[in-house]
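So the sequences go chain by chain: Y and W.
Heads up: the first sequence begins at 111 in the working numbering, then just goes up one per residue.
Heads up: the second sequence begins at 111 in the working numbering, then just goes up one per residue.
Written below as structure tokens is the structure these notes are about.
2 protein chains.
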Amino acid sequence: MVNRSPFRPSVADLHPYVPGEQPQGGKFIKLNTNENPYPPADAVIEAIRAAAIGLQRYPDPTASLFRRAAAEVLGLPGPEWILAGNGSDEILTILVRAMVGEGELLRLPYPSYILYRTLAEIQGARWEQVPFSPQWDLNPAFGAAAEGLRLAFLPNPNSPSGTILAPAEVWEIAQQLPCPLVVDEAYADFAPGNCLQLVRQSDKILVTRTLSKAYGLAGLRFGFVVAQPQLIAELGKLKDSYNCDALSIAGATAAIRGQVWLRENCQKIIATRETMATGLRGLGFRVTPSSANFLWCTHEEKSHRQLYEQLKARQILVRYMDFPGWGDGLRISVGTDAQGDALLSTLGSIVT
Amino acid sequence: MVNRSPFRPSVADLHPYVPGEQPQGGKFIKLNTNENPYPPADAVIEAIRAAAIGLQRYPDPTASLFRRAAAEVLGLPGPEWILAGNGSDEILTILVRAMVGEGELLRLPYPSYILYRTLAEIQGARWEQVPFSPQWDLNPAFGAAAEGLRLAFLPNPNSPSGTILAPAEVWEIAQQLPCPLVVDEAYADFAPGNCLQLVRQSDKILVTRTLSKAYGLAGLRFGFVVAQPQLIAELGKLKDSYNCDALSIAGATAAIRGQVWLRENCQKIIATRETMATGLRGLGFRVTPSSANFLWCTHEEKSHRQLYEQLKARQILVRYMDFPGWGDGLRISVGTDAQGDALLSTLGSIVT
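Below, the structure written as structure tokens:
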């Protein structure tokens, strides 16, 4: 018999990241996990269906077709600037495993994506949260040196706030930091700017992207990191040999080529976002101006948790988020216009 | 500027596992990565194509449909005995991250799957290889205690040999070991027996499976681990939230339900395996009796590396494998009858 736990202490103590509810049945209006309310482009579905032939063979280990297409579309010098992964979550996992050893330090802003912390804990590493101000300004301490600091994550736009730092501010932070800065651009397609070109100017800046949000492919699991080639080569040593499957490579390649579709899709979502924001403010919510596909909403008089429960009882799922020491609120994904209207009218009947 | 490498020393020094060649063009007869020569069942392809609708939503985080189907088919008490992953490589990664800390020890037999060692190195852990005898008997030292020993991997059937230990022998080893034993059953569908039922009798035995080989789904990336529920719950804390995509969950569920297809497919491959083994022996090769979908072949008079090169020049890919301190040889995947015939006639023209 094994007398002690077979798990590392850091794992036994772990409180893992819990993703938003994914009800597999029911008729919920799902505004809780920042999914795209629209299906992906037809060309993507066709590419996936065509790739369902030949699955007995292993996929291309380095997703070359995707990387070539993405480099072209994103204005990068070549595919050697890109590493593809099984969702950007896998990319974040690889980054932490590559750079942060047991007892070393990972920095993240707070509130932001809770997974970063979980990844540090799995690794047996330390993590340090630098709080945002109530107005979502980033504390300058984010760029400071610290003992054992090996990596910093900056989601930009941030979640749950949807706020964004300009590339010049990101550049400044990266220059101050004694370690690489990963700019998590999961939501950048909805934003007025991004940090992709900074990668060409500094080996301290890495940018991660996902196809889960703006491309409408959360179910496909495909993300990537953009960094200087010598960093990509090292990071590639950590990935599983065949980390992306043949179907997702085919779908992702078709998706990244569809930049016209992407722009149109994002414009629709941005338009709905602004309508929803206006409506929510009309219902007495404070709504943070968002550069993403979700809205961070607080209400001075109502219990956020209760609002979440009341909406859920009416078949509308939003995300209740509580950040101890900082505050709580509702993160509401932008849906279709009809979903936005349903949310506003239901919320209206609850809060008034 | 970052003056030191941003990578952990264990990563900077890493010589990653190099998978078999995957030429994306050309007309090779590919007998080098133990893929199934036959496409998956039609029902699998249909299930995948049907699942290409709704990809804007995240997949089921725990692949429930697959786990329920697999538990039923494999005679397990329930889905809580199964954790699904993005290929069994991801499962192996999770196991090492969960159980082996920096400086701790992982044990593996030698020669076996080189990835185990790579996973220990990424982790900054130590690894210890226990050699097989030239007749592929496992040294009893494999079960011995050792300082810091936290996990042992036993591929069964083993690669590159295709040899197998009976469940009673595996049980004995697990009883001796002071740590959990992972029985990697990637090739068990081709074998006369397996260790699945041992999992019910001991929390020291975990069994991993893949759909890449016998189910003909290498391109889909789907594997799983079977273990007692309290272990599955802990391991689940380490996986990415959505580690399996919607397409692979749908395809894997259809595949595991196709046990009649599986048996027939394996019988065809086993029949070809025996024909190929007889033919190779007729050409002067020593061929290890195999319980998998490949054959380990050595030739007393010929250079194995040269044979590999000569076959490659003739558009036939096999795997040349060199295990320092142990020896080298050719690992030849079992193809269709026609591919087996082509291999034998081409090899015949080379060696005679």
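We put the CB at the ideal spot given by N, CA and C, even for glycine.
Is it buried or exposed for Val112 (chain W), if we count other Cβ within 10 angstroms and need 16 for buried?
On the second sequence, position 2 is the one that residue 112 (chain W) refers to. Note that Val112 (chain W) has pLDDT 47, beneath the 50 cutoff, so the model's placement of it is unreliable and the number below is only indicative. The residue in question, Val112 (chain W), is exposed, as its Cβ has fewer than 16 Cβ neighbours within 10 Å.
So, using beta-carbon positions, are Pro241 (chain W) and Tyr220 (chain W) closer together than 9 Å?
Position 131 of the second sequence, counted from the first residue, corresponds to residue 241 (chain W). Position 110 of the second sequence, counted from the first residue, corresponds to residue 220 (chain W). It is a contact, given that the beta carbons lie within the stated cut-off.
Using the Cα positions of Trp281 (chain W) and Ala255 (chain W), report the straight-line distance between them to the nearest angstrom.
By one-based count along the second sequence, residue 281 (chain W) stands at place 171. By one-based count along the second sequence, residue 255 (chain W) stands at place 145. Distance between the alpha carbons of Trp281 (chain W) and Ala255 (chain W) is about 16 Å.
Which first and last residues belong to the beta strand (DSSP E) in which Ala402 (chain W) is found?
Translated into positions along the second sequence, residue 402 (chain W) becomes position 292. First-last for Ala402 (chain W): undefined, no H or E at that position.
Give every residue of the same chain whose Cβ lies closer than 6 Å to the Cβ of Ala298 (chain Y), excluding the five residues on either side of it in the sequence, and list them in chain order.
Counted from its first residue, the first sequence places residue 298 (chain Y) at position 188. Asn304.
In the DSSP assignment, find the unbroken alpha helix (DSSP H) run with Gly392 (chain W) in it and report its ends.
The residue given as residue 392 (chain W) occupies position 282 in the second sequence. Looking at the DSSP string, the run of the alpha helix (DSSP H) that includes Gly392 (chain W) is Gln369 to Gly392.
Run through the DSSP bridge pairs and tell me what Leu218 (chain Y) is partnered with.
Counting from 1 along the first sequence, the entry for residue 218 (chain Y) is found at position 108. In DSSP, Leu218 (chain Y) forms a bridge with Y:Gln239.
With 9 Å set as the bound, which would you pick, yes or no: does the beta-carbon of Thr203 (chain W) sit closer than that to a beta-carbon of chain Y?
What you label residue 203 (chain W) is simply residue 93 of the second sequence in a count that begins at 1. Yes - at least one Cβ of chain Y is within 9 Å of the one on Thr203 (chain W).
Between Leu259 (chain Y) and chain W, is the shortest Cβ-Cβ distance under 9 Å, so that the two count as touching?
Here residue 259 (chain Y) refers to the residue found at position 149 when the first sequence is read from its first residue. No, because no Cβ of chain W sits closer than 9 Å to the Cβ of Leu259 (chain Y).
Per the contact definition of three or more C-beta pairs closer than 8 Å, is the stretch 436-449 of chain Y in contact with the stretch 122-137 of chain W?
Touching, no.
Between the stretch 197-212 of chain W and the stretch 222-237 of chain W, are three or more C-beta pairs nearer than 8 Å?
The answer is yes - the stretch 222-237 of chain W touches the stretch 197-212 of chain W, with three or more Cβ pairs under 8 Å.
Check each residue of the stretch 215-235 of chain W: if its Cβ is closer than 7 Å to any Cβ of chain Y, include it; give the result in chain order.
Answer in chain order: Ile232 and Gly234.
Does DSSP classify His409 (chain Y) as helix, strand or coil?
Residue numbering aside, residue 409 (chain Y) sits at position 299 when the first sequence is read from its first letter. The answer is strand: DSSP assigns His409 (chain Y) an E or B state.
Which residues in the same chain have their Cβ closer than 6 Å to the Cβ of Ala364 (chain Y), if we skip the five residues on either side of it in sequence?
Start at 1 with the first residue of the first sequence, and residue 364 (chain Y) comes out as number 254. Ala153, Val154 and Ala157.
Of all the CB atoms in chain W, is at least one closer than 9 Å to the CB of Gly272 (chain Y)?
The residue given as residue 272 (chain Y) occupies position 162 in the first sequence. Chain W, which has no Cβ nearer than 9 Å to the Cβ of Gly272 (chain Y), makes this no.
In terms of DSSP beta bridges, what is Ser443 (chain Y) paired with?
Position 333 of the first sequence, counted from the first residue, corresponds to residue 443 (chain Y). Its beta-bridge partners are Y:Phe404.
Of the residues W:Thr456, W:Lys314, W:Lys422 and W:Phe300, which one's Cα is nearest the Cα of Arg383 (chain W)?
For the purposes of this step, residue 383 (chain W) is identified with residue 273 of the second sequence, where counting begins at 1. Of the listed residues, the one whose Cα sits closest to Arg383 (chain W) is W:Phe300.
Less than 9 Å separating the beta-carbons of Ile379 (chain Y) and Asn146 (chain Y)?
Working through the first sequence from its first residue, we reach residue 379 (chain Y) at position 269. Working through the first sequence from its first residue, we reach residue 146 (chain Y) at position 36. Closer than 9 Å, so yes.
Looking at the strands, I want to know which residues DSSP matches up with Tyr418 (chain Y).
As a first step, residue 418 (chain Y) must be located in the first sequence, where it is residue number 308. According to DSSP, which records beta bridges pairwise, Tyr418 (chain Y) is partnered with nothing at all.
Using a Cβ-Cβ cut-off of 9 Å, state whether Cys305 (chain Y) counts as contacting chain W.
As a first step, residue 305 (chain Y) must be located in the first sequence, where it is residue number 195. False, the Cβ-Cβ gap to chain W never drops below 9 Å.
Using 10 angstroms around the beta-carbon of Lys137 (chain Y), count the other beta-carbons present and answer buried if the total reaches 16, otherwise exposed.
For the purposes of this step, residue 137 (chain Y) is taken as residue 27 along the first sequence, with counting starting at 1. Exposed, because fewer than 16 other Cβ atoms sit within 10 Å of the Cβ of Lys137 (chain Y).
Grab the span of the beta strand (DSSP E) containing Thr320 (chain W) for me, first residue to last.
Translated into the one-based positions of the second sequence, residue 320 (chain W) becomes position 210. Note, Thr320 (chain W): beta strand (DSSP E), Ile315 to Thr320.
Would Asn403 (chain Y) pass as an interface residue toward chain B - the criterion being a Cβ-Cβ separation below 9 Å?
Although the question refers to chain B, the structure presented lacks it and instead comprises the protein chains Y and W.
Hey, is Arg159 (chain W)'s beta-carbon within less than 9 Å of any beta-carbon in chain Y?
By one-based count along the second sequence, residue 159 (chain W) stands at place 49. Yes, because at least one Cβ of chain Y sits closer than 9 Å to the Cβ of Arg159 (chain W).
Just how far apart, CA to CA, sit Leu454 (chain Y) and Asn353 (chain W)?
Start at 1 with the first residue of the first sequence, and residue 454 (chain Y) comes out as number 344. Start at 1 with the first residue of the second sequence, and residue 353 (chain W) comes out as number 243. Rounded to the nearest angstrom, the two C-alpha atoms are 34 Å apart.
Would DSSP call Ala301 (chain Y) helix, strand or coil?
Mapped onto the first sequence, residue 301 (chain Y) falls at position 191. Ala301 (chain Y): coil per DSSP, three-state reduction.
Would you tell me roughly how many angstroms separate the C-alpha atoms of Asn403 (chain Y) and Gly435 (chain W), rounded to the nearest one?
To locate residue 403 (chain Y), count along the first sequence from 1; it is residue 293. To locate residue 435 (chain W), count along the second sequence from 1; it is residue 325. The alpha-carbon atoms of Asn403 (chain Y) and Gly435 (chain W) are separated by roughly 57 Å.
Between W:Gln340, W:Ser401 and W:Asp447, which lies nearest to Met386 (chain W) when the distance is taken from Cα to Cα?
Within the second sequence, the letter at position 276 stands for residue 386 (chain W). Minimum Cα distance to Met386 (chain W) is reached at W:Asp447.
Pick helix, strand or coil for Asp152 (chain Y), following the three-state DSSP scheme.
Taking the first residue of the first sequence as 1, we reach residue 152 (chain Y) at position 42. Helix, per DSSP.
For Ser351 (chain W) versus Asp355 (chain Y), is the C-beta spacing smaller than 9 Å?
Mapped onto the second sequence, residue 351 (chain W) falls at position 241. Mapped onto the first sequence, residue 355 (chain Y) falls at position 245. The answer is no: Cβ separation not under 9 Å.
Starting from Ile283 (chain W), trace the alpha helix (DSSP H) in both directions and tell me its first and last residue.
Within the second sequence, the letter at position 173 stands for residue 283 (chain W). Ile283 (chain W) -> alpha helix (DSSP H) spans Pro277 to Gln286.
Counting only Cβ pairs nearer than 8 Å, list the residues of chain Y close to Ala356 (chain W).
Locating residue 356 (chain W) in the second sequence gives position 246, where the first residue counts as 1. In chain order: Gly329 and Leu330.
When you compare the CB positions of Val183 (chain W) and Gln307 (chain W), do they come within less than 9 Å of one another, or not?
As a position in the second sequence, residue 183 (chain W) is number 73, starting the count at 1. As a position in the second sequence, residue 307 (chain W) is number 197, starting the count at 1. No, the pair does not count as a contact, with Cβ atoms beyond the cut-off.
Check each residue of the stretch 161-191 of chain Y: if its Cβ is closer than 9 Å to any Cβ of chain W, include it; give the result in chain order.
Under the 9 Å Cβ criterion, the stretch 161-191 of chain Y contributes Ala161, Ala162, Ile163, Gly164, Leu165, Gln166, Arg167, Tyr168, Pro169, Asp170, Pro171, Ser174 and Leu175.
Please list, in chain order, the chain W residues whose beta carbon lies closer than 7 Å to that of Ile155 (chain Y).
Looking up residue 155 (chain Y) in the first sequence gives position 45. Correct list: Ala162.
Can you tell me the Cα-Cα spacing of Ala337 (chain W) and Ser400 (chain W), whole angstroms?
As a position in the second sequence, residue 337 (chain W) is number 227, starting the count at 1. As a position in the second sequence, residue 400 (chain W) is number 290, starting the count at 1. Straight-line Cα distance between these residues: approximately 26 Å.
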